[in-house]
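Using the working numbering, you'd call the opening residue of the sequence shown number 3 and step up by one each time. These notes concern the structure reproduced below.
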Amino acid sequence: MSRAGRFLRENSLGLAFLTAFLIALAGQAVAGHADFNNQLTSEGLAPVSLSAYLATSDFAVDVTENWQSEYLQFFLYIFGTVWLLQRGSPESKELHKAGTESDRDQRVGEHARQDSPRWARDTGWRGLLFSRSLGLVMGTVFVLSWLSQSITGVAAYNEQQLRQLEGPTSWAAYLTSADFWNRTLQNWQSELLAVASMAVLSIYLRQRGSPESKPVGASHGATGVEG
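Next up, the structure:
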């Protein structure tokens, strides 16, 4: 197999989802542009080009409100599954492993292996940071996306207010507005439902060959077992 072929095979999961993301983002841009121009036309205003639409707060808020809800899902799931369990689910740790686990189980410090990351061997702040780096990065991206949503959201909201000849609102006031929390909570509830569904349905249902599923023949009570 060629080097390029091996790279594609070994990174096919990430590349496939990244490609699908870009296609979906492009589709959202086209559909959003058409919808935005329909709104402008209905209000007696001139439509804008696609490039102009991509620079609007309307497009930015639609993108960032989806990103923040997705990263909230990952952040809560990563930290929640440290302590929370679901009997029979491959999405849960085994029932006796709740918590941060021992250094031996986590292969850190003196228990690190030859192929362990360098910071896993560090018992100081580097090791502490590395041992929580996944959740911290997900949480940071969530906060930044939520902040971006609030900033672009108030800009989009004020543009609509001005088109209706109404006064703009401040960023602080927008954070307590129904528009902001409607946008936020409608995304949160869908992500939380998806996580709960995955954790519970994977107890009783199977997908042969998927690491997100238990082996087809595993008992419903088997916990923390992946196919």
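Beta carbons are placed, not taken as given, at the ideal position from N, Cα and C, and that holds for glycine.
About 17 Å separates the beta carbons of residue 88 and residue 193, which is beyond the 8 Å limit, so they are not a contact pair. Shown here, residue 124 sits in coil according to DSSP, grouped into three states, outside any helix or strand. In the structure shown, residue 222 falls within a coil segment according to DSSP collapsed to helix, strand and coil. Residue 98 and residue 34 have their C-alpha atoms roughly 49 Å apart. When secondary structure is reduced to three states using DSSP, residue 178 falls in the coil class, being assigned neither helix nor strand. When C-beta atoms of the segment 40-53 are compared with those of the segment 99-114, fewer than three pairs fall below 8 Å, so the two segments do not count as touching. Distance from the CA of residue 167 to the CA of residue 188, rounded to the nearest whole angstrom, comes to 28 Å.
Its chain contains 147 as the residues whose beta carbon lies nearer than 6 Å to that of residue 69, once the 5 sequence neighbours on both sides are disregarded; these appear in chain order.
When DSSP states are grouped into helix, strand and coil, residue 157 belongs to the helix group.
Within the segment 93-149, the complete alpha helix (DSSP H) runs of at least 4 residues fall at 105-108, 127-132. Burial state of residue 214 is exposed, judged by a 10 Å Cβ sphere holding fewer than 16 other Cβ atoms.
Taken through DSSP and simplified to helix, strand or coil, residue 84 comes out as helix. Note that the C-beta distance between residue 196 and residue 94 is not below 9 Å.
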